[in-house]
Amino acid sequence: MNVLLKGTVDGIATLLVLPAFLLYSVGKRVFRPEKAFPGWSQLLGLIPGMSGVYLRRAFYRLVFARCQAGSWISFGTVFSHPKCSVGRNVYVGVYCCLGEVSLEDDVLIGSHVSIMNGGSQHGIERLDIPIREQPGSWPHITIGRDSWIGDRAVVLADVGKHCVIGAGSLVNKAIPDYAIAVGVPARVLRFRTGPGAVVQSGAPPVLGSCQATTTGPH
Ligand SMILES: CC(C)(COP(=O)(O)OP(=O)(O)OC[C@H]1O[C@@H](n2cnc3c(N)ncnc32)[C@H](O)[C@@H]1OP(=O)(O)O)[C@@H](O)C(=O)NCCC(=O)NCCS
2 MNVLLKGTVD GIATLLVLPA FLLYSVGKRV FRPEKAFPGW SQLLGLIPGM
52 SGVYLRRAFY RLVFARCQAG SWISFGTVFS HPKCSVGRNV YVGVYCCLGE
102 VSLEDDVLIG SHVSIMNGGS QHGIERLDIP IREQPGSWPH ITIGRDSWIG
152 DRAVVLADVG KHCVIGAGSL VNKAIPDYAI AVGVPARVLR FRTGPGAVVQ
202 SGAPPVLGSC QATTTGPH
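If you want this note's numbering, it's the position in the sequence shown, counting the first as 1, plus 1.
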């Protein structure tokens, strides 16, 4: 599809989702945004095919801080929080559950992936009150530019730029830039060092700022 046609379809999709956006805007004033938002994400997630992709992108463009051109959110994928951002040319496969996340440009997410805001949404120390009533923490999660998250991965922590997370892996600690990490829990298998890697002052490993928080390659 050429740029003009895509722009026109994007414009039509924006018009079509305006009623949903207006209802959401009313809903978030009556309830909290995080209460009003998920139902709309679930409803729009049920629209199949290209029309669903265009309508979801149009809605998220109105709601999220950023939802860029070329992004593709597939059927069945649900965001549970409106404080998200989706970069340029991001692809998200079918049936993903995404919390409060930032997906940077060119991120590729397989199908059935869960990205949660850490692993401590509830306290578990006390036994005299239910877990659901014990406060926890909800760190915002960022998936760095050009990272690829394999099918059925569960991500509870930040993933750096240019990373690969193996299918079925559990990420429970921050993954450094350029890492290929696999397994449950995910361990760094090796670092990507191909053309385009940022080599720092003669030292080969292309490591990011999270390096100190991981065990490194083994
Ligand atoms: C991680 C991946 C990219 C392979 O990376 P690789 O560097 O080529 O790794 P290799 O295949 O050489 O495997 C290296 C080791 O990691 C293990 N491994 C590879 N993928 C793994 C995974 N997903 N989970 C656990 N271990 C894995 C291999 O068994 C091998 O272990 P060994 O050395 O003990 O035999 C690939 O396995 C993968 O998971 N791709 C995602 C596919 C996907 O989900 N696509 C969805 C469509 S977008």
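For every residue, glycine included, the Cβ atom is placed at its ideal position computed from N, Cα and C.
In the structure shown, Val-31 falls within a helical segment according to DSSP collapsed to helix, strand and coil. For Val-108, the three-state secondary structure derived from DSSP is coil.
Within the model, the alpha-carbon separation for Phe-22 versus Pro-196 is close to 43 Å. Distance check between Asp-11 and each of Ser-103, Ala-70, Ser-170 places Ala-70 closest, using alpha-carbon atoms only.
DSSP places Arg-57 in the helix class (H, G or I) of the three-state scheme. Where Ile-181 is concerned, the enclosing beta strand (DSSP E) starts and stops at 180-183. Judged by their CB atoms, Gly-151 and Val-165 are nearer to each other than the 9 Å cut-off. The beta carbon of Glu-105 lies closer than 6 Å to those of Gly-88, Gly-145, Arg-146 in the same chain, with the five residues before and after it left out.
The beta strand (DSSP E) runs lying completely inside the stretch 70-110 and spanning 3 residues or more are 102-104, given in chain order. Our two residues, Ser-138 and Thr-194, have alpha carbons roughly 35 Å apart in a direct line.
With a cutoff of 8 Å, Trp-149 counts as near ligand 1, since its C-beta is closer than that to a heavy atom of the ligand. Here DSSP, grouped into helix, strand and coil, assigns Phe-65 to coil. The beta-carbon separation of Leu-45 and Arg-57, rounded to 5 Å, stays under the 8 Å limit for a contact.
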